[in-house]
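Peer 1: Here it is, the structure, as structure tokens.
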Amino acid sequence: MVAVAILAAGRGTRMKSDLPKVLHTLAGRSLVERVIDSCQLLEPEHKIVIIGYQGAKIQQELSHLDELKFVTQSEQLGTGHAVQQLLPQLQDYQGDLLVLNGDAPLLRKVTLQQLVKTHQENGNAATLLTANLPNPQGYGRVFCDRNNLVSQIIEDRDCTPAQRKNSRVNAGIYCFNWPKLAQALPKLSTDNDQQEYYLTEVVDYLDQVMAVDAADYLEITGINDRKQLSNAYNILQNRIKDYWMKAGVMMIQPETITIDETAQLEPDVVIEPQTHIRGNSAIAAGSRIGPGSLINNSKIAENVTVLYSVVTDSEVAANTTIGPYAHLRGAAKIGTNCRIGNFVEIKKSSLGNDINAAHLSYLGDATLGDRVNIGAGTITANYDGVRKHQTIIGSGTKTGSNSVMVAPLTLGENVTVAAGSVVTKDVPPDALVIARARQKEISDWQKNI
Ligand code: UD1
Ligand code: CA
């Protein structure tokens, strides 16, 4: 039986922000939400978030997650004091308690599972996650014997220079036998540099306490300031990109690419430099995205090319090329074998297959059949200043350069629109429509003026 408590009451002074530290976001999700997510595999009996500084705001931000309980630590007198607030709540609880720092968002689910397993198998009073850091500055140092039994944890600021050389640090992630911890908690003192109740002091009153190293030291990264937050983003990104490269995705200069955790990629996708894949995007095998593209919440089918373009909330079918410099948005749907080229914007429109819209166009609120050729500079004038209107263009139709379709408008199949036309009335199939002033020549003009 495991209960989880997440320490999230502190302000996070070192962030220099009005926002509580644990509500700062890392790749779209708050730190505390990531920490809550990391204990998912344990199916905890209780999930308690200890709140204090701007607690109501934290509670509100987490209101979409169910089964969370909140305990308030009204004065932030230290991590030990925070856990003391659980005493009334867990009075009759007999199981283990996993304590997680709300500012450690990179923990892997399996690491926590392993920690609890080691704790239970060894019958420990406490088991804590540790790591050897190349730069342990700022972390509490953990002193162990060769069996990983912990004698002491000393905060960086309380260490002597010799103690500070120990690079094994406390991750702030612990599994406790709750009844034993409950007896130790009232014994904590404030006898330290910050005059706070340190949770780490319970080690002095518990037997036995074991340290377990995290497989990857980057996992335990705690966020105390903005630099660490941006560093954590890089760690997270490297993790995501390594995962996809192992799964068969090709990345050129991956250090210039970002990919959200929510994105799905298939093998043989190629991602070129300066490309960003965000939200619930999915990219199918053989597609080549970038350089310089943003795919946000969009589905890209097989063998699509997207070059220097932005695709948001849209769908692109197989073998289509997008860009350079195209913008698809607002649920644009593009069929197979299309060419959407230079400076073309497509909003909330559905395009069939084999469509060419290669240069300088705006298609908004439009429905196109198949094999439509959109001439350079074609615009659907979809907005009358109050409402948006639909344009329907039948299969096989060709619009001339610089033509305007004034919506609402329906062009039948195989219509030809003359260049420079402003089409305001529906056109039947197979017609040529010319909607512009006829060319007129006045001879000897210069002589007569
Ligand atoms: C803590 C550990 C340190 C460890 C480090 C790992 C202690 C005394 N020190 O130090 O050994 O190496 O984490 O990152 O525990 N909080 C409260 N109430 C409080 C104080 C803090 O809820 O009164 C919360 C904070 O919101 C934060 C977490 O506890 O989420 C850790 O607090 P922080 O001040 O960042 O501790 P560190 O100094 O980093
Ligand atoms: Ca911290």
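Heads up, the sequence shown is in the numbering used here, so the first residue is 471 and it goes up one at a time.
Backbone N, C-alpha and C fix where the C-beta goes; we use that ideal spot for every residue, glycine too.
In whole angstroms, what is the alpha-carbon distance linking residue 720 and residue 792?
Peer 2: If I take the Cα positions, the gap works out to 19 angstroms.
Peer 1: Say yes only if the C-beta of residue 624 is nearer than 8 angstroms to one or more non-hydrogen atoms of ligand 4, and no if none qualify.
Peer 2: No copy of ligand 4 appears in this structure; the ligands present are ligand 1 and ligand 2.
Peer 1: Identify every residue that forms a DSSP beta bridge with residue 766.
Peer 2: 748, 782
Peer 1: Look at the Cβ atom of residue 682, then the Cβ atom of residue 640, and state whether they are nearer than 9 angstroms.
Peer 2: no
Peer 1: Nearest to residue 552 by alpha carbon, out of 819, 518, 613?
Peer 2: 518
Peer 1: Starting from the Cα of residue 636, find the closest Cα among 652, 645, 614 and give me that residue.
Peer 2: 614
Peer 1: How many whole angstroms separate the CB atoms of residue 768 and residue 779, which I take to be in contact at a CB cut-off of 8 angstroms?
Peer 2: About 11 angstroms; that fails the 8 angstroms criterion.
Peer 1: For residue 640, does the three-state DSSP call read helix, strand or coil?
Peer 2: Here residue 640 sits in strand by DSSP.
Peer 1: Hey, how far is the Cα of residue 874 from the Cα of residue 850?
Peer 2: Each residue's Cα considered, the two are about 6 angstroms apart.
Peer 1: Taking the alpha carbon of residue 878 as the point to measure from, which residue in 890, 834, 891 has its own alpha carbon closest?
Peer 2: Distance from the Cα of residue 878 is smallest, within the candidate group 890, 834, 891, for 834.
Peer 1: Would the C-beta of residue 506 count as close to ligand 2, meaning under 8 angstroms from any of its heavy atoms?
Peer 2: no
Peer 1: Helix, strand or coil: how does DSSP classify residue 774 here?
Peer 2: Here residue 774 carries a coil assignment [DSSP, helix/strand/coil].
Peer 1: So for residue 892, helix, strand or coil by DSSP?
Peer 2: strand
Peer 1: Closest by CA to residue 514, which one among 678, 880, 538?
Peer 2: 538
Peer 1: Got a sec? Which residues, its chain only, sit under 6 angstroms from residue 623 by beta carbon, not counting five neighbours each side?
Peer 2: Correct list, in chain order: 610, 612, 640, 670, 673.
Peer 1: Could you check whether the Cβ of residue 668 sits closer than 8 angstroms to any heavy atom belonging to ligand 1?
Peer 2: yes
Peer 1: Among 526, 520, 501, 532, which residue has its Cα nearest to the Cα of residue 694?
Peer 2: 501
Peer 1: Going by Cα to Cα distance, which pick from 867, 478, 718 is closest to residue 921?
Peer 2: The chain is shown only over 471 to 919; residue 921 falls outside these bounds and no answer can be derived.
Peer 1: Give me whichever residues DSSP pairs with residue 817 in a beta bridge.
Peer 2: 799, 834
Peer 1: Looking at the structure shown, is residue 602 part of a helix, part of a strand, or coil, going by DSSP?
Peer 2: strand
Peer 1: Please find out if some non-hydrogen atom of ligand 2 comes closer than 8 angstroms to the beta-carbon of residue 693.
Peer 2: Yes, ligand 2 has a heavy atom inside 8 angstroms of this Cβ.
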